[in-house]
Structures are given as C-alpha cells and as structure tokens.
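Just below is one structure, and these are the notes that go with it.
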Amino acid sequence: MSKPILELRDVQTVVNKGTANETTILKGINLTINEGDFITIVGTNGAGKSTLFNVIGGNLGVDAGQILHSGVDITKSSEEQRTAFLARVFQDPKLGTAPRMTVAENMLLATKRGERRHLVHRQLKANLARFTELAATMNNGLEKRMTTATGALSGGQRQALSFLMATLKRPDILLLDEHTAALDPHTSLNLLHATNERITHDHLTALMITHHLEDALTYGNRLLVLQNGQIKADFRGPEKQELTVEKLYHYFED
Ligand SMILES: Nc1ncnc2c1ncn2[C@@H]1O[C@H](COP(=O)(O)OP(=O)(O)OP(=O)(O)O)[C@@H](O)[C@H]1O
C-alpha cells in the first residue's frame, strides 16, 4: 500500500491580519497525498490553488493546522529547507532558470537542488551526455541548445528546461502551477505529454494546477476541486475516470 508523503491537517491561512482587509484564504484544508499520486487541481479564480502551493512550498506560513512530510512535522520549516525534497514549476517561463547561464549549466545546478550550489566545470563535461539525452525527451529541440544562454531560448524550450530542472534531482513532491498556461496550444500539449511521461516513468508524486478541465481529467489518478479556500471534491481512481467535463463544470457555476 502507498505511504502518505504529505499531509495537511486542518490548514488555515489568513492574510492582512489585524487590518480591515483580514481574509482567511485557506479554510481548513485536510489532504493526504500518497507516494505516486498525480493530482490535478481545478477551481475558480481566487479559490486558493496557488495559496495551497505556497503553504506546501513554505512561501507562506499557516495560521492554524499542520503540514507533515513523510510523517515529520514541517509546518515551521522554511521555503529553503523544503527545496531539499520539493520542486515547483511556475507559469512564467522566466522563473526557475538563470538567464545568463547555458542550458547545461542550469541543469547542473538543478542536480544540486537543496544543497549549497556552485558550478564545477569538470562536472559539466562529465554530465553533458546525460543532460543532452534528457533534453531530447522534451521533443522540442532543447538538446541542440545545450550551450545556449537560457535567456535566448523560446518560451516553450525555457519552460521545458524549468520542468527538467525540477525533476533532475528526484523531488518527493513536484508542484506544477499552471506550468503550460503561457504556451501556445501545440507547445503546451507537447510539454504536458513530456510531463506525464516523466511523472509516470519515474513514479513521481505530483500536483498540477490547471484551468483546462480536459487536461485535469486526462492526467493523473486524482482530481481536486478547490472552492472558496476549501476542498469541495476529491475524485480518485474509477470515480475520476467516470468524470466528465460537464459534471466538473457544475463546480464553476454560481
Ligand atoms: N499574500 C496575499 N495577500 C492578500 N491576499 C492574497 C494573498 N495571496 C492570495 N491572496 C488572495 O487569496 C485568494 C486566493 O488566491 P490564489 O492566488 O490562491 O487563488 P487561485 O485559485 O490560485 O486563483 P487563480 O486561478 O486566479 O490563479 C485571492 O482572493 C487572492 O487575492
């Protein structure tokens, strides 16, 4: 049986505390994520999806409740500490890569996620063949640009690189925050296929926020609907397989 890799127990997050704008964003989130879960997350604008990733990633503190990683309480641990076991890919292709460094240099840095990082050129040479092979799995010509500065890549190639970097050193938890939303339909589909391949092949545990209901249905073994800071539905296995866009769409109606 799969083991819980991440647990959120009655997590609440309040912003603008003590002011007239005080708002509770996450209103008691209870969530157990098992090893190998690939969870897609949908919900209306402002439902709290990115905030959920922020509290998991440690970018935002919690005001009540607990977060556990493999049974260990990490509620108070910093964002930096969590990078040892967690990786995140954002919507913006510019985030997650160093623009002046080459593709290969960025990949080398990514192998040291969660450690003190510095580039050793000897290691670059030793890893180049492996990095090139990995880049080729992205199916977008990234492997031909290993010595190109990342800032000169297309948005699709840069986002593919961000994804590769997030998974190069196996994370216990991979957070995908609308990571294909800024890409054109073809490039987006290509990255989604590559994402699914990597998650399935490496048995990664991943959470993926998307506004595309078809994608939320197609990928993963679980689907969460977030509404107004709460988990409104949690579909798994056969229940998820039987879901349709029409049924899911009801959650978006007033
Ligand atoms: N640091 C913050 N300070 C004040 N309000 C915040 C903060 N972070 C999030 N919010 C508010 O909390 C609510 C949830 O935001 P969040 O970005 O998590 O929603 P979302 O589901 O990711 O939305 P979208 O689909 O538009 O990306 C929004 O109303 C947002 O304005």
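Numbering (UniProt numbering), first residue to last: 1 to 254. Virtual Cβ for every residue (Gly too), placed ideally from N, Cα, C. All values derive from a computational prediction rather than experimental measurement.
Chain-order list of residues whose beta-carbon lies under 7 Å from that of residue i (same chain, five-residue window excluded)
i           : result
residue 73  : 66
residue 142 : 103, 135, 157, 160 and 161
residue 108 : 119, 123, 124 and 127
Collapsed DSSP secondary structure at residue i in the structure displayed
i           : result
residue 136 : helix
residue 217 : helix
residue 102 : strand
Whole-angstrom C-beta distance between residue j and residue i, which should lie under 8 Å
i           : j           : result
residue 98  : residue 150 : 6 Å
residue 183 : residue 156 : 5 Å
Beta-bridge pairing of residue i - partner residues as DSSP gives them
i           : result
residue 9   : 66
residue 107 : Paired residue(s): none; residue 107 is not in a bridge.
residue 34  : 4
residue 122 : Paired residues: none, contrary to the question.
residue 224 : 41 and 234
residue 29  : 11
residue 146 : In DSSP, residue 146 forms no bridge with anything.
residue 87  : 174
Residues near residue i by beta carbon distance below 6 Å, same chain, minus five either side
i           : result
residue 114 : 83 and 84
residue 204 : 174
residue 8   : 29, 31 and 67
residue 230 : 27
Close Cβ partners of residue i (< 8 Å) along its chain, the five nearest in sequence each way excluded
i           : result
residue 106 : 97, 98, 150, 161 and 165
residue 240 : 217, 220, 221, 222 and 223
residue 121 : none
- Task: May I ask you to verify whether the stretch 123-138 touches the stretch 161-172, counting CB pairs closer than 8 Å and requiring at least 3?
- Result: yes
- Should the stretch 33-40 be regarded as contacting the stretch 87-94, the criterion being three or more beta carbon pairs within less than 8 Å? no
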